[in-house]
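A.B. asks: Numbering of the sequence shown is given in the working numbering, commencing with residue 663 and proceeding in unit increments. If you scroll down you'll find the structure; I have some questions about it.
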Amino acid sequence: MRLRVLIPLLSVLLLPSGTASADPTPPVRDFGNGADRNEEAAGVAESKAKTLRELAPELSWHSDHGRGYPRRTTLPIPPENPADASIKLGLIPHHAIAAKLNQLQAVGDRVSAEVVGRSAGGRDMYLVTVTAPESAAETRRQEQLRRQIESGRAVQARKYKAPVFVNGNIHGNEWEGTDANLRVIEELATSTSPQTKNLLAHTRLYFNITANPDGRVLGQRPNGNGFDLNRDFVTASQPETRAMRQIMIDNQPVVMIDLHGYVNGTLVEPTTPPHGANYEYDLFIRNAYANALGIEQAILALGYTPEKDGTFPPQIPFRDSAEGWDDWPPIFTPQYAPFHGAVASHTIEFPMRVNGSDYTTQPVAELQRRSRINVDIASAAIRATYTFVQNNREKLVGDQVEMFRRGAAGEPSKQVPLGIVPGFGPEDVYNTTYPRAYAVPATGPSAARLVDHLIANDVKVDKAVLPFRAGGRTYPAGTYVVDMRQPKRGMANVMLEAGADISPRVDAMYDISGWSHGLLWGATADPITDRRFHVAAVPVSAASPTGSVPHGSGPLALKVDDAKAVRALNDLLGQGVAVTLAADGVAIVPASAREAARTAADRYGVPFTKATQASGTPLSSVRIAAAASADELFTLRELGFAVTPVSTAVLNAGFDWSGTDVLFVSSGLSYGALNLAARTAIEAFMARGGVVTRGGTGANFNAAAGLLTVTAVAGRGDANGVVTVSSTTGPVGTGSPAHSFVYSPRWFTALGPEVRVEQSYTAEGPLVAGHWRANADGTGGPEAARGQAAVVSGRDERGAAVVLFGTEPMFRNHPKGLFPQVARALFWTASSAKVLTP
Ligand SMILES: [Zn+2]
């Protein structure tokens, strides 16, 4: 289920976000997120490939060239784990799935299974394809048609097998989607009915058996890294998300459903407003509403009743609620899938709660009764969905073609007619203005990261071969250009556009309301609005290399303005290189370490320049004790810092501070709840070490520990989005971007003389995109934050160097452009403290 309450819904459970964490294991397949690319020739090769593809599409099919269906794979069987949380519910444990799939592949010629990814905890993810057997030639033909559809060209839909995608168990403790998947696959594998034969002759059904194996085994919502995978689609920080993304890109489902629990009665999307402005919503809502009505009928036909079973009738938020269950941010699977062609997609929440406190307090027999009902309902939803596709195949494929066609033609955002389906009113109408293109200057690793991310999301990116002018500005050759006349322009725009302030239109939002990669990822993405814009450009398959070291023999400078630069800096420090920090925040690498700098330039794509001074303040590796959320721990480690998680309980049990330079506090640590020994120890630490805090927990810690003299003011708790900020030339503010991200924003007033403002919310705005209203009493709104300090620094009476963040610079590993600011805070607090106490 999702986290916040849709008021009219029954039995909605509030869950804390996950806290578990584990060291990530490299995924089996990584799909290019954050990869360092150094292929100079890639652009030319891709350009040739495109020409070939256009001339002779049959020459460039998939990597599975030469194979038909079924594709039987003997899946490796993991060791048995008697502690798998599924077992108590009478559901299949993760370790038993592979054997079951091996068996299902053997019963006939309809089932193909493969490992499509590996979870953060190292567990296999299984994709099952169920379809009628295909010769290699038929498979090639299908792929050719898929590409034709993706380019927005009409096909003879009756020759195309419509792809359907069922995603199971993305929240680990919402188990039953997996079991429903297996049940339906078995039915389809063994059925002798003509309807099934007809279905499989005209569709390909894809089942991601469990999208979250770690969570399934551990009985928790997030994956092994503590990430909610159903919030990760704009970021793709996790291997499971990247695997799901690739399933959608490769197979281009016309319809997808995402199986969750628990909302009673069963919740079936489409959603309430606001609706994402980058969808082709006229196509989407007709199909999504029709399928929802069919799913509803299929569930009702099961005969479960409130009186007999405790099971209430289904509810469709679009039809039954005014607000609170929206499809605004494409962070959820069904809200991401439409950009790859789904013309109907649904979150489905089956009704009978078996997680949370019910898991531990309900009798086993009762839990298993509930799970059986959930599996029945989820199975009915899957059957209704494939039947909907079977009955409407040509229309659905036609709508998918139309969606891609509008993108390729660069048509304006379409105004959806009121009443297109019953109840579709003015409150449902959301539109955007597509620019003609975006220009992304190739200015280093941030631009490369953005470009590689777009490409990984199947957005076409070109590179200008000559300088060009647009919007009164001249761009050099080599500038990346995202042409918005492309089939997946919705995906491109939903990432690159600023977004919108939707506070006036909606009372409450379900989750985040702003996320712009164009504003938060550290790169520039200028919209070009001139419709006549034209540029000589070639397609690229990866960003060009960005690492460099100048000739010569002197010391080198590295601007710490990107996450990659932080990583490189931490790598050099870890090797014992005597890196120092100049007053302007630039890291200086001694001439003796040029070889190490060259390696770092290659590995991380960071540009070194000639240093203008020989050395500055000595830097050393920063060792962090962090009372932080899982996403922050992940981000700090990704930046190359050594991080030890701590909490009130850990400190009260006795913590050895000798290996810590900086304490980071944002979650799970209360100064007032520390015992005497823990307080004595942390006081001794603060007399020599640094402190960085974030958010309400951090501000409370600052006040209780008597660090900086500030009053921390809380903005409205559910406010979130992209804000404009202005930075000073302090050690943290220097070089910060003009935008930041907030969730439950805070600002600091009544600053003591020891406090320096590093960054402020601007006097205009500050909300650019998102949802931020004042509280009922008028406090906590964006107007109150205007001009106020968002990030402050200072040294407290003990001598501890302290930085307080009122923003959310590491939220879900998303705002990449803000990570260097956190790194600067950590380096400054660590080194500043050490200088005082040698
Ligand atoms: Zn869920």
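Ideal Cβ positions, reconstructed from N, Cα and C, are used throughout, including at glycine.
Using alpha carbons as the reference points, say which of G923, E1300, A1160 and Y941 lies closest to W1177.
C.D. replies: Position 515 of the sequence shown, counting from 1, holds the residue named residue 1177. Closest by alpha carbon: A1160.
A.B. asks: Since L1058 and V917 are thought to touch, with beta carbons under 8 angstroms apart, how far apart are those beta carbons, to the nearest angstrom?
C.D. replies: In the sequence shown, the residue the question calls residue 1058 occupies position 396. In the sequence shown, the residue the question calls residue 917 occupies position 255. About 7 angstroms separates the two Cβ atoms, so the contact holds.
A.B. asks: How many angstroms separate the CA atom of G1316 from the CA atom of N892?
C.D. replies: As a first step, residue 1316 must be located in the sequence shown, where it is residue number 654. As a first step, residue 892 must be located in the sequence shown, where it is residue number 230. Answer to the nearest angstrom: the Cα atoms are 37 angstroms apart.
A.B. asks: Going by other Cβ atoms of all chains shown within 10 Å of its Cβ, with 16 needed for buried, is Q1062 buried or exposed?
C.D. replies: Along the sequence shown, one-based indexing puts residue 1062 at 400. Result: buried.
A.B. asks: Would you report the Cα separation of D988 and T1271, rounded to the nearest angstrom?
C.D. replies: Working through the sequence shown from its first residue, we reach residue 988 at position 326. Working through the sequence shown from its first residue, we reach residue 1271 at position 609. Rounded to the nearest angstrom, the two C-alpha atoms are 48 angstroms apart.
A.B. asks: State yes or no: is the C-beta of N892 nearer than 7 angstroms to some heavy atom of ligand 1?
C.D. replies: Indexing the sequence shown from 1 puts residue 892 at position 230. Correct: N892 has its Cβ closer than 7 angstroms to ligand 1.
A.B. asks: Output yes or no for whether 8 angstroms exceeds the beta carbon distance between Y1266 and G1330.
C.D. replies: For this step, residue 1266 is matched to residue 604 along the sequence shown. For this step, residue 1330 is matched to residue 668 along the sequence shown. It is not a contact, given that the beta carbons lie outside the stated cut-off.
A.B. asks: For P935, which residues in the same chain have their Cβ closer than 8 angstroms to its Cβ, ignoring the five residues on either side in sequence?
C.D. replies: In the sequence shown, residue 935 corresponds to position 273, counting from 1. Closer than 8 angstroms at Cβ, skipping near neighbours: E985, D988, E1089, D1090, Y1092, R1167 and V1168.
A.B. asks: Quick one: grab the DSSP three-state call for R1265.
C.D. replies: Locating residue 1265 in the sequence shown gives position 603, where the first residue counts as 1. Helix.
A.B. asks: So the candidates are A1110, A1070, P1084 and Q806; which of them puts its Cα closest to the Cα of A1099?
C.D. replies: Numbered from 1 along the sequence shown, position 437 holds the residue referred to as residue 1099. Residue A1070 is the option with its Cα nearest to A1099.
A.B. asks: Would you check if the distance between the CB atom of G1273 and the CB atom of L1218 is smaller than 8 angstroms?
C.D. replies: If you number the sequence shown from 1, residue 1273 lands on position 611. If you number the sequence shown from 1, residue 1218 lands on position 556. Per the sequence shown, residue 1273 should be read as Ala rather than Gly. Against a cut-off of 8 angstroms, the Cβ pair of L1218 and A1273 comes out as a contact.
A.B. asks: Look at the alpha carbon of R734 and the alpha carbon of P1269, and state the distance between them as a whole number of angstroms.
C.D. replies: Along the sequence shown, read from residue 1 onward, the residue named residue 734 stands at position 72. Along the sequence shown, read from residue 1 onward, the residue named residue 1269 stands at position 607. Each residue's Cα considered, the two are about 47 angstroms apart.
A.B. asks: Are the beta-carbon atoms belonging to D1173 and L1429 less than 8 angstroms from one another?
C.D. replies: Taking the first residue of the sequence shown as position 1, residue 1173 is located at position 511. Taking the first residue of the sequence shown as position 1, residue 1429 is located at position 767. Going by C-beta atoms, D1173 is not nearer than 8 angstroms to L1429.
A.B. asks: Name the DSSP bridge partner or partners of T1373?
C.D. replies: Within the sequence shown, residue 1373 is the residue found at index 711, counting from 1. Its beta-bridge partners are T1411.
A.B. asks: Use the C-beta contact count for Q1450: other C-beta atoms within 10 angstroms, 16 or more gives buried, fewer gives exposed.
C.D. replies: In the sequence shown, the residue the question calls residue 1450 occupies position 788. Result: buried.
A.B. asks: Could you give the distance in angstroms between the alpha-carbon of T1441 and the alpha-carbon of R1448?
C.D. replies: Taking the first residue of the sequence shown as position 1, residue 1441 is located at position 779. Taking the first residue of the sequence shown as position 1, residue 1448 is located at position 786. Going by the C-alpha atoms only, they are around 12 angstroms apart.
A.B. asks: Since L1336 and D1458 should fall inside the 8 angstroms C-beta cutoff, what is the C-beta to C-beta distance between them, to a whole number of angstroms?
C.D. replies: Here the question's residue 1336 lines up with position 674 in the sequence shown. Here the question's residue 1458 lines up with position 796 in the sequence shown. Rounded, the Cβ-Cβ distance is 17 angstroms, inconsistent with contact.
A.B. asks: For the beta strand (DSSP E) that contains H757, what are its first and last residues?
C.D. replies: Mapped onto the sequence shown, residue 757 falls at position 95. It is not in any beta strand (DSSP E) - H757 instead sits in the alpha helix (DSSP H) that spans H756 to A768.
A.B. asks: Which stretch, first to last residue, makes up the alpha helix (DSSP H) that contains G830?
C.D. replies: Stepping through the sequence shown from its first residue, residue 830 is reached at position 168. Taken as a continuous stretch (DSSP letters only), G830 belongs to no alpha helix (DSSP H), being part of the beta strand (DSSP E) at A824 to G830.
A.B. asks: DSSP three-state call for S1328: helix, strand or coil?
C.D. replies: Translated into positions along the sequence shown, residue 1328 becomes position 666. Correct three-state label for S1328: coil.
A.B. asks: Can you give, in chain order, each stretch of the beta strand (DSSP E) that sits fully within the stretch 1410-1444 and has at least 3 residues?
C.D. replies: Within the stretch 1410-1444, the beta strand (DSSP E) runs of at least 3 residues that lie entirely inside it are, in chain order, 1417-1423 and 1429-1433.
A.B. asks: Hey, is H922 close to ligand 1, as in C-beta under 7 angstroms from one of its heavy atoms?
C.D. replies: Sequence index remark: in the sequence shown, residue 922 carries index 260 (1-based). For ligand 1, at least one heavy atom lies less than 7 angstroms from the Cβ of H922.
A.B. asks: Under a three-way DSSP split, which group does P1138 fall into?
C.D. replies: Start at 1 with the first residue of the sequence shown, and residue 1138 comes out as number 476. Here P1138 sits in coil by DSSP.
A.B. asks: Any chance you could list the alpha helix (DSSP H) runs of at least 4 consecutive residues sitting entirely within the stretch 1093-1175, in chain order?
C.D. replies: 1107-1118 and 1151-1158
A.B. asks: Beta-carbon separation of N913 and F827 under 8 angstroms?
C.D. replies: On the sequence shown, residue 913 is found 251 positions in, with the first residue counted as 1. On the sequence shown, residue 827 is found 165 positions in, with the first residue counted as 1. Cβ distance < 8 angstroms, so N913 and F827 count as in contact.
A.B. asks: Any heavy atom of ligand 1 closer than 7 angstroms to the Cβ of E657?
C.D. replies: This structure does not reach residue 657, given that the chain is present from 663 up to 1500, and the question cannot be answered.
A.B. asks: Mind checking P686: buried by the 16 CB within 10 Å criterion, or exposed?
C.D. replies: Here residue 686 is taken as the residue at index 24 of the sequence shown, counted from 1. Here P686 scores only 33 on pLDDT, less than 50, and its place in the model is too uncertain to base an answer on.
A.B. asks: From L1281 to V1248, what distance separates their C-alpha atoms?
C.D. replies: Taking the sequence shown and counting its residues from 1, the one referred to as residue 1281 is at position 619. Taking the sequence shown and counting its residues from 1, the one referred to as residue 1248 is at position 586. In a straight line, the C-alpha of L1281 is about 11 angstroms away from that of V1248.
A.B. asks: Quick one: is the Cβ of H1002 within less than 7 angstroms of any heavy atom of ligand 1?
C.D. replies: The residue you call residue 1002 lines up with position 340 of the sequence shown. Checking the Cβ of H1002 against ligand 1 gives no.
A.B. asks: Just to confirm my understanding: we take T1297, look at its own chain, exclude 5 residues before and 5 after, and list those with CB closer than 7 angstroms. What are they?
C.D. replies: As a first step, residue 1297 must be located in the sequence shown, where it is residue number 635. Answer for T1297: M1472, N1475 and F1481, listed in chain order.
A.B. asks: Among P738, L789, I911 and L763, which one has its Cα closest to the Cα of E805?
C.D. replies: To locate residue 805, count along the sequence shown from 1; it is residue 143. Distance from the Cα of E805 is smallest, within the candidate group P738, L789, I911 and L763, for I911.
A.B. asks: For G1140, collect the residues of the same chain with a Cβ closer than 8 angstroms to its Cβ; drop the 5 residues on either side in sequence, then sort them by chain order.
C.D. replies: Translated into positions along the sequence shown, residue 1140 becomes position 478. Same-chain partners within the cutoff: A1104, K1125, A1126 and S1206.
A.B. asks: Just checking H833 against ligand 1 - is the residue's beta carbon closer than 7 angstroms to any of the ligand's heavy atoms?
C.D. replies: Taking the sequence shown and counting its residues from 1, one reaches residue 833 at position 171. Yes, ligand 1 has a heavy atom inside 7 angstroms of this Cβ.
A.B. asks: Which residues in the same chain have their Cβ closer than 6 angstroms to the Cβ of A718, if we skip the five residues on either side of it in sequence?
C.D. replies: Translated into positions along the sequence shown, residue 718 becomes position 56. Confidence at A718 is low in this model, with a pLDDT of 39, below 50, so its placement is unreliable and the value that follows should be read with caution. Hits under 6 angstroms: none found.
A.B. asks: Could you give the DSSP three-state label for F994: helix, strand or coil?
C.D. replies: Position 332 of the sequence shown holds residue 994. Residue state, collapsed to three classes: coil.
A.B. asks: Could you tell me the alpha carbon to alpha carbon distance between E849 and L807, rounded to whole angstroms?
C.D. replies: Position 187 of the sequence shown holds residue 849. Position 145 of the sequence shown holds residue 807. If you take the alpha carbons of E849 and L807, they lie about 28 angstroms apart.
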